[in-house]
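Residue numbers (this note's numbering): 3 to 75.
Below is the structure:
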């Protein structure tokens, strides 16, 4: 099983040391950029689920692409 934890910076090192002491647990730290990307992908997947379930309306593809271009520049 894989678990992603969000831990306050001042507590993280202590918990990591505890986890490293457990032979059945492997730890891997994520960069802030990778953690942000994972969060954004998770939000996008949830939004797609809501659209497919009819709980949210899809956006026009052209508007979506224009928004992506604005974020890049």
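In this text, a Cβ means the ideal position worked out from N, Cα and C, and glycines have one as well. Note that the structure is a prediction, hence the values are computed from the model and not measured.
For residue 16, the enclosing alpha helix (DSSP H) stretches over residues 11–22.
In its chain, beyond the 5 residues on either side, 9 have a beta carbon closer than 7 angstroms to the beta carbon of residue 17. Judged by DSSP secondary structure, residue 65 falls within the alpha helix (DSSP H) whose first and last residues are 63–74.
Taking the C-beta atoms as reference points, residue 58 is found nearer than 8 angstroms to residue 49. The alpha-carbon of residue 37 is positioned some 24 angstroms away from that of residue 53.
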